[in-house]
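Comments concern the structure below.
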Amino acid sequence: MYNELQTELFSKLKLGDGWLTLGYYNFVFFLESDDEVSLLIDFCHRNDCRAEIWHVLDESDIADIRCDKIDYIDPTEDQTGPGASPYQPLVFEHPKLLKTSIDSIVKQAFQEFHALREICRFRANGKLKPLIADVARISDYLPTPDSIASFQEAYGTAPTENERERANIAALTFRDQILATNAGLTRQTSQALSGSPPLLQTECQFLPHSLLGTATASLALRNLAHFIISSVNDANYNFAFEQRLAGNIDAVTPDNNELQPSGTETALFEGISLSSARPTADAEQHLTPSPITYFSARDGFRFGVFTNSAPLPCISGCNSKQWNLATISHELSHRIITPKIQRLLIETMPVAARNPDDTVKELCRKTVDTVADAARTLLINAITLREAMRLGPDRFESAVRDPTEFISNGITQNEHNIEERLVHIFDFYHFYSQDSEAYTSSIWQSWAVQPSIATKFEEYIERTAVALASRHFGAKNWIELTIEDFEQCSAKEHFWHQSLYREKLEAYIRANKEGIGVRLRRNWPLLALFFLVFRSKRLAELANRESRETSSAKALVLADDSGLEFPQFSNPLKVARNFGDGKIPDSGRSAWLLTLLAYGFVEQRSVEAA
12 MYNELQTELF SKLKLGDGWL TLGYYNFVFF LESDDEVSLL IDFCHRNDCR AEIWHVLDES
72 DIADIRCDKI DYIDPTEDQT GPGASPYQPL VFEHPKLLKT SIDSIVKQAF QEFHALREIC
132 RFRANGKLKP LIADVARISD YLPTPDSIAS FQEAYGTAPT ENERERANIA ALTFRDQILA
192 TNAGLTRQTS QALSGSPPLL QTECQFLPHS LLGTATASLA LRNLAHFIIS SVNDANYNFA
252 FEQRLAGNID AVTPDNNELQ PSGTETALFE GISLSSARPT ADAEQHLTPS PITYFSARDG
312 FRFGVFTNSA PLPCISGCNS KQWNLATISH ELSHRIITPK IQRLLIETMP VAARNPDDTV
372 KELCRKTVDT VADAARTLLI NAITLREAMR LGPDRFESAV RDPTEFISNG ITQNEHNIEE
432 RLVHIFDFYH FYSQDSEAYT SSIWQSWAVQ PSIATKFEEY IERTAVALAS RHFGAKNWIE
492 LTIEDFEQCS AKEHFWHQSL YREKLEAYIR ANKEGIGVRL RRNWPLLALF FLVFRSKRLA
552 ELANRESRET SSAKALVLAD DSGLEFPQFS NPLKVARNFG DGKIPDSGRS AWLLTLLAYG
612 FVEQRSVEAA
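No gaps in the numbering here: position 399 of the sequence shown is 410 in the working numbering, and each next residue is one more.
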């Protein structure tokens, strides 16, 4: 369509008569004759796209507004059947939900979700239809109070055995998930659907785009998230994870000599990778839905159960390393493996109680013959090593006298840090193809614009080092290789944008190699755990697949007709990284990149998943 647009319209217009926008109407033309208007309307009819014609008499007088080719449904009209108005009363009853005041609270949240979903369905026509499909799939994955109560009963996470209180806790948990989803859906619809026809009936709260909205940017963000989640599903990742966790391995005792590994820790994971076997009939329940995506000045890059956000400055700065949209792969990695990590930690809590005669050291060295047992043992090793460093010798000796309490407290203290390290490893391995230079440069230039880096500098050092270690973990001198790799990646030539912390990063690595080595050594159980149950070679292949179209898209051409010839590609993650390497944010280049991501992406399902 863009090539036709170039031939039919742009060739007949003067420079400056056409403008690219980020709205639902992603082109604005300033036309001076009826012939030009007729040419535009004819083009829209033949290409099934929409337009609004504004007749402007002078700078302040709009004489007429006409909407062309709009299938807009007035939600105030009385609709029946499948096209029912989103404002009709919705009924929500759950048979197992106890009839208390909480029932009405949950019902209200659920009704709000359905109303928002229907608004999206009514207004997201044409090029925004993928948003409708994503929201529809979310509906199928929403938990019920029963499922939450069953989980709490199975894992003992509810604080009471009383039936009424347990049901109420489950209901409120359900309500909280729905409310968070509603908040994300509200932001998505207010951004993606702002500027949808007719323009005067919508408004975007992002003031620079208050009239036309940010539908193109919203679709670009959605395509990035959808590509990553589709790769996960095409690799049958969740199904393969369950199969792997249920399997057996040859009996192996984790090497832990006085809580310090001596090189044979890699025995637990050598040769192990998640299978990409064809799923069975019940594998559908293991699919991950594409999230509701939106931009937020407050949330930044953040994930929820069914939502993912990106910083609002990405709209005008995604051409740069600092605000590169591909950073969302980290948050999506959280969505993929965080529930799995939490499940393993919950299953690790009762290990000491089931082995009352074992000390913490004996639990760390326990012989295992199943993958699930190996995963739990590695987590106990990880907790023990982290607590030994946190508590110091005297407090540590006192704490391990009660293994059950020690493990429980250790999980509470270290759950977040364990999750973050595994997510960084997962992201680096699967979505950066273990490219150390690209990964280090990307995350540190992204972190540099966050105020929290000042207080988390050493924490970010450790996260980066642990991720890079996955590239070298099979070698005997993996710690030395990792530090050398990290030092090379922090060199000036690998940072397009000289962030405030690059020199500090480089100096820290040079002066603290021994300390970084200690930090790496205490994370060996998490590296082993990643290769044991979280690695998927198939996912890494799909997430980094190339196509002829993708590889041909080398550079954006601005202020030139050839820039309109958008390449089609099947890997928006690579496009976002390749084109988002600018030194400084540029709203014009960002607009071109967002347009590419929104309309150049062609979904290419894998042969195995088809």
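For each residue, glycine too, the CB sits at the ideal point set by N, CA and C. Please read all numbers here as calculations on a predicted model, not as lab measurements.
Asked: Assign residue 543 to one of two classes, buried (16 or more other C-beta atoms within 10 Å of its C-beta) or exposed (fewer than that).; Found: buried
Asked: Let's test the definition: count the other Cβ atoms within 10 Å of the Cβ of residue 344 and tell me whether it reaches 16, buried, or not, exposed.; Found: buried
Asked: In the structure shown, what three-state DSSP assignment does residue 350 receive?; Found: helix
Asked: In three-state terms, what does DSSP make of residue 67?; Found: strand
Asked: Less than 7 angstroms between C-beta atoms, sequence neighbours within five positions excluded: which residues of the same chain meet that for residue 490?; Found: 528, 531, 532
Asked: Verify whether the separation of the beta carbon atoms of residue 444 and residue 555 is less than 8 angstroms.; Found: yes
Asked: Ends of the beta strand (DSSP E) at residue 317?; Found: No beta strand (DSSP E) holds residue 317; DSSP gives it neither H nor E.
Asked: Just the C-alpha distance for residue 234 and residue 381, rounded to the nearest angstrom, thanks.; Found: 39 angstroms
Asked: Am I right that residue 33 and residue 242 are in contact with their C-beta atoms under 8 angstroms? What's the rounded C-beta distance?; Found: Not a contact, Cβ separation roughly 26 angstroms.
Asked: Distance, Cα to Cα, residue 210 vs residue 394?; Found: 56 angstroms
Asked: Is the beta carbon of residue 611 closer than 8 angstroms to that of residue 578?; Found: yes
Asked: Going by Cα to Cα distance, which pick from 598, 595, 614, 416 is closest to residue 584?; Found: 614
Asked: Are residue 189 and residue 121 closer than 8 angstroms when you measure CB to CB?; Found: yes
Asked: Using 8 angstroms as the cut-off, can you tell me whether the region 341 to 360 makes contact with the region 427 to 445, which would need three or more C-beta pairs spanning the two stretches below that distance?; Found: yes
Asked: Looking only at DSSP bridge pairs, what is residue 322 linked to?; Found: 307
Asked: Could you tell me which of 385, 471, 455 sits nearest to residue 257, measuring between CA atoms?; Found: 385
Asked: Between the beta-carbon of residue 195 and the beta-carbon of residue 303, is there less than 8 angstroms?; Found: yes
Asked: Using the Cα positions of residue 536 and residue 429, report the straight-line distance between them to the nearest angstrom.; Found: 10 angstroms
Asked: Give the DSSP-derived three-state secondary structure of residue 39 in the structure shown.; Found: strand
Asked: Between residue 328 and residue 465, what straight-line distance do the alpha-carbon atoms span, to the nearest angstrom?; Found: 22 angstroms
Asked: Could you give the distance in angstroms between the alpha-carbon of residue 539 and the alpha-carbon of residue 389?; Found: 8 angstroms
Asked: Assign residue 526 to one of three DSSP states: helix, strand, or coil.; Found: helix
Asked: Look up residue 597 in the DSSP assignment and say whether it is helix, strand or coil.; Found: coil
Asked: Leaving out the 5 sequence neighbours to the left and right, which residues in its chain are closer than 6 angstroms to residue 30 when beta-carbon positions are compared?; Found: 39
Asked: Closest to residue 207 by CA distance: which of 226, 198, 219 is it?; Found: 226
Asked: Given this structure, state the Cα-to-Cα distance separating residue 139 from residue 333, to the nearest angstrom.; Found: 28 angstroms
Asked: How do the region 414 to 429 and the region 363 to 371 stand: do at least 3 beta-carbon pairs fall below 8 angstroms, yes or no?; Found: yes
Asked: Less than 8 angstroms between the C-beta atoms of residue 311 and residue 301, yes or no?; Found: no
Asked: Given residue 493, which residues of its chain have a CB within under 7 angstroms of its CB, disregarding the five upstream and five downstream residues?; Found: 476, 479, 480, 483, 531
Asked: From this set, 63, 224, 232, which residue's C-alpha is nearest residue 145's C-alpha?; Found: 232
Asked: Indicate the three-state DSSP secondary structure (helix, strand or coil) for residue 380 in the structure shown.; Found: strand
Asked: Using a threshold of 8 angstroms, state whether the C-beta atoms of residue 305 and residue 202 are closer than that.; Found: yes
Asked: From residue 446 to residue 352, what distance separates their C-alpha atoms?; Found: 25 angstroms
Asked: Identify which residue in 442, 461, 517 has its Cα closest to the Cα of residue 240.; Found: 442
Asked: Is the beta carbon of residue 512 less than 8 angstroms from the beta carbon of residue 455?; Found: yes
Asked: How would you write the range of the alpha helix (DSSP H) that residue 421 sits in, first residue to last?; Found: 414 to 442
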